[in-house]
Amino acid sequence: MLRSYVDQPAFTDLHWGMFVPAIKGQGTNEQQAKWLPMAYKMQIIGCYAQTELGHGSNVQGLETTATFDPQTDEFDIHSPTLTSSKWWPGGLGKVSTHAVVYARLITGGQDHGLVIWNEFGSGAYNSMDNGLLRFDHVRIPRNQMLMRVSQVKKEGKFVHSDVPRQLVYGTMVYVRQTIVSDASCALARAVCIATRYSAVRRQFGSQNGGPETQVIDYKTQQSRLFPLLASAYAFRFVGEWLKWLYTDVTQRLQANDFSILPESHACTAGLKSMTTSVTADAIEECRKLCGGHGYLSNSGLRELFAVYIPTCTYEGDNVVLLLQVARFLMKAVSQLGSGKKPVGTTAYIGRAEHLMQCCYEVEMGILYIFFFSS
């Protein structure tokens, strides 16, 4: 609860937001029993080492390798190039004692692609110790590979477990749901500052020596400020809906029902992109609404903007996420021809023919557009 009163990002954000969920979602029952109690008690502090200097959004292009040595029953974790250095992980710089590391699995000379490890080793924001990590043939026991989805046997054989790989999507939904909820908090802070300033600040309108008009009473101020207030509430509500979606997705995945995955991915990707972009722009608008005072450090808006703006990039670049949403929607539209009826959040696409019908006319240089149904 105390964390909610701290404006600055904290080194514990990645510990609770990604390190712990990764172990819960991708560790075996034995691994969870070993690591989670220590993580909950903060006896170990973890970070999430996925992004590299050379690759971020292209996760399949990550270069860090994990080569299995059957003679010692260990993995050799190595950064073969400069661009394979783990780059930006929050908490990595000073405080982390452990890390969940993404690496390419190599057994018997065969590259099996990306897997995840629980790694020992201590390794911005002013309060977030983002770090750089390079591995120089670091050896860890075989059982520190998170093996809920796939595993390596002692003899070096790579096998997939009976647990569906789609379970990893649960962590993604959780993280993006958190980002959307945080957007409402950040926007609410900025709007609160701008609203209070607008109520206290007075400019013009003085007659017969009376008080000047409160800035908040001007229509131009209201037209810029009040929509941002409404957005803060809307983002709070959609954040609560995403919490429900996360619970629903988790229950469905545990029941081996993967039908909702494409829609949940599109929803979380689109809402993460939209809410963070709008919030970043809105914080800057709130600064402008406070006039020159908004640029002062003690307004809180400058720092709030600087701290918040990275959300438009981490956990998926907003433009890339919107392209993924567009691809999902185009696929949904293309399926109409085969008679497949869209459901859930895409149900409106079933009315695409109706929605796209329109006529227009031009009168005295003004364009009029009319929508109609046949």
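As numbered in numbering that gives the first Met the number 0, the sequence shown has no gaps in its residue numbers, which increase by one up to the final residue, 373.
Backbone N, C-alpha and C define an ideal beta-carbon position, used for all residues, glycine too.
Source: prediction; values computed, not measured.
Distance CB(residue i)-CB(residue j) smaller than 9 Å
i    : j    : result
L395 : A182 : For residue 395 there is no data in the structure shown, the boundaries of the chain being 0 and 373.
I44  : H77  : no
D135 : G90  : no
L145 : A21  : yes
G130 : P88  : yes
P241 : V179 : Strictly speaking, residue 241 in this sequence is Leu, with Pro absent from that position. In this structure, V179 lies closer than 9 Å to L241 by Cβ.
C266 : T212 : no
F304 : R286 : yes
V148 : S263 : no
Q49  : V99  : yes
P140 : D75  : no
E314 : V174 : yes
DSSP-derived helix/strand/coil call for residue i
i    : result
L145 : coil
V254 : Here residue 254 turns out to be Ala, not Val, going by the sequence shown. A254: coil per DSSP, three-state reduction.
D181 : helix
V31  : The question names Val, yet the displayed sequence has Gln at residue 31. In this structure, Q31 counts as helix in the three-state DSSP scheme.
V137 : strand
R103 : strand
D128 : coil
P8   : coil
H14  : helix
R200 : coil
Q221 : helix
Cβ separation of residue i and residue j, assumed to be a contact under 8 Å, to the nearest whole Å
i    : j    : result
L288 : Q221 : The Cβ separation is near 10 Å, so there is no contact.
L227 : V190 : 5 Å
L52  : T82  : 5 Å
V214 : Q206 : V214 to Q206, Cβ: 17 Å. No contact.
A279 : Y307 : 6 Å
S374 : Q176 : An answer regarding residue 374 cannot be provided, because it is not within the stretch 0 to 373 covered by the chain.
Limits of the alpha helix (DSSP H) - the one that residue i falls within
i    : result
T63  : Neither: T63 is in no alpha helix (DSSP H) and is coded neither H nor E.
R301 : 300-307
L280 : Leu is not the amino acid found at residue 280; the sequence shown has Asp there. Note, D280: alpha helix (DSSP H), 260-288.
V324 : 317-333
V19  : 19-25
N- and C-terminal bounds of the beta strand (DSSP E) containing residue i
i    : result
F74  : 73-77
A48  : 45-48
F157 : 157-159
CB contact below 9 Å: residue i versus chain C
i    : result
V214 : Absent here is chain C; the protein component of the structure consists of one chain.
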